[in-house]
Each structure stands twice: as structure tokens, then as C-alpha cells.
Amino acid sequence: MNQLRRTILKGSGATSAIAVAVAAGLLKPSELLAAEWNKAAFETKTAADTLNAIGAGAAVDSKDIVIKMPELAETAVTVPVEVTSKIAGTESIMLVVEKNPNPLVLDMAFANGAEPYFSGRIKMMETSRVKAIVRAGGKFYSAFKDVKVTIGGCG
Amino acid sequence: MLDMKIRAQMAGDVTDIKALLTHPMENGKRKDMKTGQIVPLHFIQTMTVSVAGKTAIDAQLSAAVSKNPYFAFKVKGAKAGDKVVLNWVDNKGEKSTGEATVA
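Respectively, the protein sequence lines represent chains A and B. Note that this note's numbering has the first sequence beginning at 1288, numbered continuously upward. Note that this note's numbering has the second sequence beginning at 12, numbered continuously upward.
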């Protein structure tokens, strides 16, 4: 876990607080992940706030991030999404659906041989720009795709 | 323990990991058609996938991930017989674990 950027992002203060909690027997190591869920970022309500919350306010556009999504989502509650990063040293990929009530959909960190890639299914409230944000070497990169939705999937 | 399907298939030097989780992924906005009540927020918050004991994927999720989440990942350097373990924890503290062997 230590090499994952989440610990770094949280800063040494948070890390040592967790270490103390573990030592005191308050937290079992297996429970650490739940404690780290980035509530502040996931509860943001606008895309701009989301990007700032994850530290990607100054993300640079990149053609080395490939987003595969349908241009027209047939079922808004299960929109397929596939993101691949070709940026060297990719540490994590975040997915932001700008028009969703809470734009941040997920944040995936990769380590120990995991390719910077994932495929999944997400819900979309309405037609929206979907952004993939990549963190690599402490910098942020982004790419987007516009996806049309006929009937919202969040209601 | 909720049901989970997970598979790890080697193709050259890359292992494809596919997982289908069982979870309602309620976003806290949907109304129950029968009772008219809002169904409370209930979703997976954290998910990890480890291969041969090392964390490969460390994910944080929101309720905008579809019901019964499906994920696919690719991991390099895994060997046949390596154990793949997926763990998740939701916002109510419920957990589940699934295992597969790299084939």
C-alpha cells in the first residue's frame, strides 16, 4: 500500500494518524481502505470542484489517454466505459461524468504489474462530457468523450 | 458474503481479470415503487484486487458505478496458479471477498 499515491496524497499527518490507530488496535489493517475513501472528492457537485478536490485543476490535455464509450448510451444505468492510459508511469485513473450530481465516479490506482487500464459500467444522469484524468509522476493529464443519454440513469 | 464471480485468464504475458460483483449500488435517490420511500444510499466504496499477495488495483468507487458492478483489468507478470483475490467494502461496512486462480 505504501507505494500507492493515496497515502502520499493524504500526507504524512494522515498516514501517521492511521499508523497510531493500528498500533492502538483501533483499526485492523484490513479496514484501512474503507477509512481512506476520499469523501471530500466524491461528494463534490460540480466538475470544477471535483477536479480541484482530486488536485487535477491544472490537468493537461493528452492524446495518450484512450476512452472507449458509446456516443449514444442506450441504457443510462449501464453505460460501458473502458479507459487505457499510454502515459509512462501512470499511477491512477479517475473518471468524471461532468453532469452527474456527484461527478467523480471512480478512482483506480495501479501497482505491481497492473496495466493502466480498466473496463466497467457506469450510470449517467444525462448527456454529458466524460473525463478521464490520469495521474503520472505527480502530474495530471486528461482526455474526454461526449456521451449522449436519452433517459437518465440516476433517478 | 455476497456472491461474486471472478476469473483470471493468461494471454501471453498479460493476465485478464474479470469480475462481476453482486451489489445494489443504490445512489440514495431512487424511490421504491412499492413503498414510495427513497432507497438509502448503499454502494461499494473501496475495492482491491491482489495478485499473488500483492495489491495490483486499489479502487475507490461512487454510487454512479452500475448495479452489480462489472470490472476488467490487465496485470503483467502473473504466473499460472497465482491467486487473485478481490475484496470490497461498502458504505455500510459490509464486505465480500472473491478468489480465482490464474489459468
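Glycine residues also receive a C-beta, built at the ideal position from the N, C-alpha and C atoms.
Practice item. Report the rounded CA-to-CA distance for Glu1378 of chain A versus Ala1401 of chain A, giving the unit in angstroms. Key: Glu1378 of chain A and Ala1401 of chain A have their C-alpha atoms roughly 10 Å apart.
Review point. In chain order, what residues of the same chain have a beta carbon less than 8 Å from the beta carbon of Arg1408 of chain A, not counting five sequence neighbours either side?
Key: Leaving aside the five residues that flank Arg1408 of chain A on each side, the residues in its chain whose CB is nearer than 8 Å to its CB run, in chain order, Thr1365, Val1366, Pro1367 and Val1368.
**Study point:** Gly1298 of chain A to Glu37 of chain B span [Cα, whole Å]
**Key:** Below a pLDDT of 50, predicted positions are generally treated as unreliable, and Gly1298 of chain A, at 44, falls in that range; no measurement from the model is reported.
Check your understanding: For the stretch 91-105 of chain B against the stretch 1421-1436 of chain A, are there 3 or more C-beta pairs whose distance is under 8 Å?
Key -> As far as the Cβ criterion goes, the stretch 91-105 of chain B does not touch the stretch 1421-1436 of chain A, which means the pair count is below three.
**Study point:** Start-end ranges of the alpha helix (DSSP H) lying completely within the stretch 1322-1381 of chain A, minimum 4 residues
**Key:** The stretch 1322-1381 of chain A contains these whole alpha helix (DSSP H) runs: 1326-1329 and 1334-1340.
Check your understanding: From A:Gly1376, A:Lys1373, A:Ile1380 and A:Glu1413, pick the residue whose C-alpha is nearest to that of Ile1341 of chain A; which is it?
Key -> For Ile1341 of chain A, the closest alpha carbon among the candidates A:Gly1376, A:Lys1373, A:Ile1380 and A:Glu1413 is that of A:Ile1380.
Practice item. Could you pull the start and end residues of the beta strand (DSSP E) that Asn98 of chain B belongs to? Key: Where Asn98 of chain B is concerned, the enclosing beta strand (DSSP E) stretches over Lys94 to Asp101.
Point to revise | Top-ranked residue by Cα proximity to Ala1327 of chain A, from A:Val1347, A:Tyr1404 and A:Asn1389 | key: Per the Cα distances, A:Asn1389.
Exercise for review: Give me the Cβ distance between Val1392 of chain A and Ala70 of chain B, rounded to the nearest whole Å; I'm assuming they're in contact under 8 Å.
Suggested key: Rounded, the Cβ-Cβ distance is 11 Å, inconsistent with contact.
Point to revise | Gln20 of chain B, DSSP secondary structure in three states | key: Residue state for Gln20 of chain B is assigned as strand, using DSSP reduced to three classes.
Check your understanding: Can Phe84 of chain B and Ile17 of chain B be called in contact, C-beta distance under 8 Å?
Key -> No, they are not a contact pair.
Review point. Cβ of Val1370 of chain A within 8 Å of Cβ of Ala1334 of chain A?
Key: No. Outside cutoff.
Check your understanding: Mapping DSSP to helix, strand and coil, what is Ala30 of chain B?
Key -> The three-state secondary structure of Ala30 of chain B, taken from DSSP, is strand.
Exercise for review: Work out the CA separation of Val1434 of chain A and Ala63 of chain B for me, nearest whole Å.
Suggested key: Between Ala63 of chain B and Val1434 of chain A, the C-alpha separation is close to 38 Å.
Check your understanding: Can you tell me where the beta strand (DSSP E) with Ser1406 of chain A in it begins and where it stops?
Key -> Note, Ser1406 of chain A: beta strand (DSSP E), Tyr1404 to Ile1409.
Exercise for review: Would you kindly check if the distance between the Cβ of Met1412 of chain A and the Cβ of Ala1360 of chain A is under 8 Å?
Suggested key: No, the Cβ-Cβ distance between Ala1360 of chain A and Met1412 of chain A is not below 8 Å.
Review point. Which residues in chain A sit within 8 Å of Gly80 of chain B, going by Cβ to Cβ distance?
Key: Residue identity check: residue 80 of chain B is Pro in the sequence provided, not Gly. Chain A residues near Pro80 of chain B: Gly1407 and Arg1408.
Review point. In terms of residue numbering, what span does the beta strand (DSSP E) encompassing Ile49 of chain B cover?
Key: Careful: Ile49 of chain B lies outside any beta strand (DSSP E) and carries neither H nor E.
**Study point:** Same chain, Cβ closer than 8 Å to Leu31 of chain B, five either side skipped, listed in chain order
**Key:** Cβ neighbours of Leu31 of chain B beyond the five flanking positions: Met15, Lys16, Ile17, Asn79, Pro80 and Tyr81.
Exercise for review: Starting from Ile68 of chain B, follow the beta strand (DSSP E) in both directions and report where the run begins and ends.
Suggested key: Ile68 of chain B -> beta strand (DSSP E) spans Lys65 to Leu72.
Check your understanding: Between Tyr95 of chain B and Val113 of chain B, which are expected to be in contact by the criterion C-beta below 8 Å, what is the C-beta distance as a whole number of angstroms?
Key -> According to the sequence provided, residue 95 of chain B is Val. The question's Tyr does not apply to it. With 8 Å as the limit, Val95 of chain B and Val113 of chain B qualify as a contact, their Cβ atoms being about 6 Å apart.
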